[in-house]
Amino acid sequence: MPSPSRWCAGAATATAVTGAIGLAVSVAGSAPWRYVSESGVAGAPHPTLYRCSMLLLAASLALLAVPARHTGRLWTGTGRLWTGTGRRLAAAVPTGLAAAALTLAAPLAALSGAVTCSPGCPLPPYESPQPRDLIHATGAIGALLLCALAILVYATQPDATTLRRAGRLGVLLAFPPLILSAIGILLLGRGLFTGLMERAALAAVSAWLVHTAAVHVRAKP
1 MPSPSRWCAG
11 AATATAVTGA
21 IGLAVSVAGS
31 APWRYVSESG
41 VAGAPHPTLY
51 RCSMLLLAAS
61 LALLAVPARH
71 TGRLWTGTGR
81 LWTGTGRRLA
91 AAVPTGLAAA
101 ALTLAAPLAA
111 LSGAVTCSPG
121 CPLPPYESPQ
131 PRDLIHATGA
141 IGALLLCALA
151 ILVYATQPDA
161 TTLRRAGRLG
171 VLLAFPPLIL
181 SAIGILLLGR
191 GLFTGLMERA
201 ALAAVSAWLV
211 HTAAVHVRAK
221 P
């Protein structure tokens with residue numbers, strides 16, 4: 001009989017795949033220079049599909065947090081570069097950091113799906129947002145930041161496992177567009193560059209979520 005961790009990993013894989021496909025379909029109907037969140041606004045091609053897909057991805061994050069609790073702490077390192085204060089700081093990182101990050105990311109992702117932004121999804125510093133825009137943006141950005149933290153924890157595991165390789169692939173694919181999309185929002189505002197980087201970041205994080213959940217299904221509990 002599958003363990004609870006393996007069952008949750010399987011459910012996380014299924015919900016992540018379904019949510020990622022739904023998100024891709026709903027976002028594909030919007031112009032690339034628009035924010036991804038505009039796909040959930042009334043009048044968009046598939047607003048209901050977008051919101052449901054975000055809720056499915058939120059459920060996947062919550063489910064993945066169960067097997068993620070078995071991941072070790074951040075790599076403490078060996079050798080001269082990892083002595084004294086550096087080693088003590090690394091050792092102070094809690095072993096359940098990845099699970100905690102995913103657990104916190106889940107309700108934030110659900111919030112971004114449940115609370116839609118106003119038409120145009122205005123964001124500071126170049127536009128004047130309404131309260132619902134700030135709530136939606138806080139949920140979406142917070143969830144992505146916590147997912148990035150979970151990816152980093154997986155990437156720095158002490159053992160050379162498939163999960164660590166998945167984490168390092170996630171860093172390679174997700175971190176550049178995440179950073180560039182943040183720069184685009186802050187320095188450029190709405191536009192083709194920001195829109196494309198935002199889509200690339202979501203695609204990379206979704207791919208990591210699917211892959212990591214699938215790896216947990218095969219991994220030892």
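Each residue of the sequence shown is one higher than the one before, starting from 1 at the first, in the UniProt record's numbering.
The beta-carbon is built from N, C-alpha and C at its ideal position, and this holds for glycine as well.
All values reported here derive from a predicted model rather than from experimental measurement.
Item                                                                                                                                                                          : Value
Keeping to the same chain, check which residues put their C-beta closer than 7 Å to that of SER181; ignore five residues upstream and five downstream.                        : THR194, MET197, GLU198, ALA201
What is the DSSP secondary structure of SER112, counted as helix, strand or coil?                                                                                             : helix
Considering just the uninterrupted stretch of the alpha helix (DSSP H) at SER26, what are its terminal residues?                                                              : 4-28
Starting from the N-terminal side, write out each stretch of the alpha helix (DSSP H) that is 4 residues or longer and does not extend beyond the region 130-206.             : 131-155, 162-183
Distance check for LEU173 and ALA137, CA to CA, integer angstroms please.                                                                                                     : 22 Å
Does TYR35 come out as helix, strand or coil in the three-state DSSP assignment?                                                                                              : coil
What's the C-alpha gap between ARG132 and PRO107?                                                                                                                             : 16 Å
What's the gap between the Cα of residue 226 and the Cα of ILE151?                                                                                                            : This structure leaves residue 226 out entirely; the chain is present only between 1 and 221.
Could you give the residue range of the alpha helix (DSSP H) that holds LEU64?                                                                                                : 47-68
Expressed to the nearest angstrom, what Euclidean distance is found between the alpha-carbon atoms of ALA90 and PRO158?                                                       : Caution applies to ALA90, whose pLDDT of 47 falls short of 50 and renders its modelled position unreliable; the value that the coordinates give is listed next. When rounded, the distance between both Cα atoms is 12 Å.
What number of angstroms, rounded off, separates the C-alpha of THR161 from the C-alpha of ALA59?                                                                             : 25 Å
Give the straight-line distance between the Cα atoms of GLY86 and ALA101, rounded to the nearest whole angstrom.                                                              : Legend: pLDDT at GLY86 = 42, less than 50; position of this residue unreliable, no value from coordinates given.
Give me, in chain order, the residues of the same chain whose beta-carbon lies closer than 6 Å to that of TRP33; leave out the 5 immediate sequence neighbours on both sides. : GLY191, LEU192, GLY195
For LEU144 versus VAL205, is the C-beta spacing smaller than 8 Å?                                                                                                             : yes
THR78 by DSSP, collapsed to three states: which one?                                                                                                                          : With a pLDDT of 46 at THR78, under the threshold of 50, the modelled position of that residue is not reliable, and the figure given next carries that caveat. It is coil, neither helix nor strand.
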